[in-house]
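Peer 1: Residue numbers (this note's numbering), protein chains in the order written: chain A, 33 to 148; chain B, 13 to 123. We put the CB at the ideal spot given by N, CA and C, even for glycine.
1. So, for residue 76 of chain A: in the same chain, excluding its five sequence neighbours on each side, which residues have a beta-carbon less than 8 Å away from its beta-carbon?
2. Hey, how far is the Cα of residue 76 of chain B from the Cα of residue 29 of chain B?
3. Short of 6 Å in beta carbon distance, which residues of its chain neighbour residue 85 of chain A, apart from the five on each side in sequence? Order them along the chain.
4. If you measure from the beta carbon of residue 16 of chain A to each beta carbon in chain B, is any gap under 8 Å?
5. How is residue 47 of chain A classed by DSSP in three states: helix, strand or coil?
6. Which residues in chain A have a C-beta closer than 8 Å to the C-beta of residue 112 of chain B? List them in chain order.
7. List the residues of chain B that residue 140 of chain A touches, going by C-beta distances under 8 Å, in chain order.
8. Along the chain, where does the beta strand (DSSP E) that runs through residue 88 of chain A open and close?
9. Taking residue 68 of chain B as part of the beta strand (DSSP E), name the residues at either end of that continuous run.
10. Applying the criterion that 16 or more other CB atoms from any shown protein chain within 10 Å of the CB defines a buried residue, is residue 74 of chain A buried or exposed?
11. Is it right to say residue 140 of chain A is buried, meaning 16 or more other beta carbons lie within 10 angstroms of its own, or is it exposed?
12. At what residue ranges does the stretch 13-101 of chain B contain a whole run of the beta strand (DSSP E), taking only runs of 3 or more?
13. Out of curiosity, what's the CA-to-CA distance linking residue 82 of chain B and residue 48 of chain B?
14. Quick one: list the residues of chain A neighbouring residue 60 of chain B, beta-carbon separation under 7 Å, in chain order.
15. In the stretch 57-89 of chain B, which residues sit with their C-beta less than 8 Å from some C-beta in chain A, listed in chain order?
16. If I measure Cβ to Cβ from residue 116 of chain B and keep anything under 8 Å in the same chain, skipping five residues before and after, which residues do I get?
17. Output the distance between the C-alpha atoms of residue 55 of chain B and residue 138 of chain A, rounded to the nearest integer angstrom.
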């Protein structure tokens, strides 16, 4: 596709519900990243995939957060038993390079998650 | 973890003026990048400057990097209303592949 696509654009979940956020990266991009952005803050790293391999998941805030990219393309970020502090914008980015800083990241417009 | 910090955090200028924002970081880096984010949208990459570069230009953007002071600046010349956005610096430090973003500068260009 022309850019990184994320869905849904907005998600409202009741506390305790599970949610799944989808990311379609730019075709051919090897690297895929998930970031969490709180209101008025910069994005915070969650996890990084190189093709289907999850090489870094050190930013995931708890074991309720799980991400996968089974075929090295589309990725899903799943949050189990959502809590109010999970409310944020979740951004997905992809890049052609294999490192986190050697080529520009292309971001999607994000999914705004509100947990009530 | 190391993170860039922009200064000032909010800037309001008239169209046609220049806007300058700064970013500082704490550890040795491989490169530094600047991104723009319009309200409700994702981040857009503006420019990447490598640790062995001191200055880089792209259109109306000028970025400087001073590794001795661990700081960078982004200058937008002849600003336009469409430049209204938040601007973030991001760094990748040696031995750590994580791209760390600062808190951002909110720039408002008044027509």
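Peer 2: On the basis of the supplied data:
1. Start at 1 with the first residue of the first chain, and residue 76 of chain A comes out as number 44. The answer, listed in chain order, is 67, 68, 69, 70 and 91.
2. The sequence position of residue 76 of chain B within the second chain is 64, counting from 1. The sequence position of residue 29 of chain B within the second chain is 17, counting from 1. A straight line joining the alpha-carbon of residue 76 of chain B with that of residue 29 of chain B spans about 19 Å.
3. Here residue 85 of chain A corresponds to residue number 53 of the first chain, with the count starting at 1. Nothing meets the Cβ criterion.
4. The structure shown does not extend to residue 16 of chain A, since chain A is modelled only from 33 through 148, so no value can be given for it.
5. Within the first chain, the letter at position 15 stands for residue 47 of chain A. Annotated three-state conformation of residue 47 of chain A is coil, per DSSP.
6. Locating residue 112 of chain B in the second chain gives position 100, where the first residue counts as 1. Simply 77.
7. On the first chain, residue 140 of chain A is found 108 positions in, with the first residue counted as 1. Close to residue 140 of chain A, with beta-carbon spacing below 8 Å, are these residues of chain B in chain order: 54.
8. As a working mapping, residue 88 of chain A is identified with position 56 in the first chain. DSSP places residue 88 of chain A in the uninterrupted beta strand (DSSP E) bounded by 85-88.
9. In the second chain, residue 68 of chain B corresponds to position 56, counting from 1. 67-70 is the span of the beta strand (DSSP E), which, as asked, contains residue 68 of chain B.
10. In the first chain, residue 74 of chain A corresponds to position 42, counting from 1. Under this definition residue 74 of chain A is a buried residue.
11. Reading the first chain from its first residue, position 108 is the one you call residue 140 of chain A. With 16 or more other Cβ atoms within 10 Å, it is buried.
12. Taking only runs of at least 3 residues, the beta strand (DSSP E) segments lying wholly in the stretch 13-101 of chain B are 17-19, 22-26, 31-36, 41-49, 55-62, 67-70, 73-78 and 83-88.
13. Within the second chain, residue 82 of chain B is the residue found at index 70, counting from 1. Within the second chain, residue 48 of chain B is the residue found at index 36, counting from 1. If you take the alpha carbons of residue 82 of chain B and residue 48 of chain B, they lie about 21 Å apart.
14. What you label residue 60 of chain B is simply residue 48 of the second chain in a count that begins at 1. Those within 7 Å of residue 60 of chain B in chain A are 136.
15. Taking 8 Å as the Cβ-Cβ cut-off, the stretch 57-89 of chain B approaches chain A at 57 and 60, given in chain order.
16. In the second chain, the residue the question calls residue 116 of chain B occupies position 104. Correct list, in chain order: 18, 21, 49, 98, 99 and 100.
17. Against the second chain, residue 55 of chain B aligns to sequence position 43. Against the first chain, residue 138 of chain A aligns to sequence position 106. So the alpha carbons of these two residues sit roughly 8 Å apart.
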